[in-house]
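Undergrad: In terms of the numbering used here, the sequence shown opens at residue 326 and continues consecutively. Positions of the beta carbon are idealized from the N, C-alpha and C atoms, including for glycine. These figures come from a predicted structure and were not determined experimentally.
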Amino acid sequence: MDITDALRRQINKKVGKLERYFLPGTEAQVTLSVEKNRHIVEVTIPFNGKIIRAEESTDNMYASIDMVLDKLERQIHKYRTKLERSFRTGAFVDDKMEFGRSQIDDSSDEELKIVRTKRFPVKPMSIEEALLQMDLLGHSFFVFLNSDTDEVNVVYKRRDGRFGLIEPEYE
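#1: Between K438, H402, E476 and S382, which has its C-alpha nearest V447's C-alpha?
#2: Just verifying my parser: in three-state terms, what is the DSSP assignment at G478?
#3: Under three-state DSSP, which class holds A379?
#4: Would you call F445 buried or exposed, if buried means 16 or more other Cβ atoms sit within 10 Å of its Cβ?
#5: Look at I370 and S382 and say whether their C-beta atoms are less than 8 Å apart.
#6: Please name the residue in Q400, K361 and F372 whose C-alpha comes closest to that of E380.
#7: Distance check for A388 and T351, CA to CA, integer angstroms please.
#8: Taking DSSP as the reference, what is the three-state secondary structure of G499?
#9: Straight-line CA distance for D473 to D384?
#10: Got a sec? Which residues, its chain only, sit under 8 Å from L470 by beta carbon, not counting five neighbours each side?
#11: Answer with buried or exposed for A331, where buried requires no fewer than 16 other C-beta atoms within 10 angstroms of its C-beta.
#12: Which residue's Cα is closest to the Cα of D327: M459, S358 and D391?
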């Protein structure tokens with residue numbers, strides 16, 4: 326979609342307000358899209374190997390921008406103290422991350438096919454850090470390298486609201 330100068334200024338103004346929470350050099354990735362009259366704004370802010378992410382969709386792009394930034398600010402306020410306590414100083418430090426590529430398959434075959442592959446750096450962390458990261462992303466699961474076992478694990482949110490852990494078992 327074409328981004329007007331007014332829209333670009335609005336995004337820079339709103340995202341710029343988040344600068345006070347991060348050290349200089351921290352970058353935010355903003356993705357705008359329109360699907361069936363829904364204006365979707367997604368903001369991703371990688372910092373110190375972690376990611377804060379929010380997405381909102383309304384029938385107005387400016388309203389979506391306002392709502393997604395409000396959501397991010399609530400997340401930052403909620404986790405800032407917890408993160409700074411967890412990581413001590415420098416919790417909000419820039420750390421560029423490469424996001425994976427997606428692949429779209431337009432074939433109409435009924436067989437099982439992978440339609441998207443996502444690659445991301447896996448950082449060793451504790452189970453508690455992985456749960457925090459999953460919550461920051463707003464996902465229902467999170468893949469991580471368990472710092473206690475040096476194995477890839479998955480934490481996930483169960484239907485009952487509690488959490489589960491998937492560990493590999495080798496035969």
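TA: Reading from the atomic positions:
#1: The alpha carbon of V447 has as its nearest neighbour, out of K438, H402, E476 and S382, the alpha carbon of E476.
#2: It should be pointed out that residue 478 corresponds to Asn in this sequence rather than to Gly. It is a strand residue.
#3: If DSSP states are grouped into helix, strand and coil, A379 belongs with the strands.
#4: Per the 10 Å Cβ criterion, exposed.
#5: no
#6: Q400
#7: Going from the Cα of T351 to the Cα of A388 covers about 24 Å.
#8: The structure shown does not extend to residue 499, since the chain is modelled only from 326 through 496, so no value can be given for it.
#9: 46 Å
#10: V447, K448, P449, M450, E476, V477 and N478
#11: Exposed: under 16 other Cβ atoms inside 10 Å.
#12: Out of M459, S358 and D391, the CA that lies nearest to the CA of D327 is found in S358.
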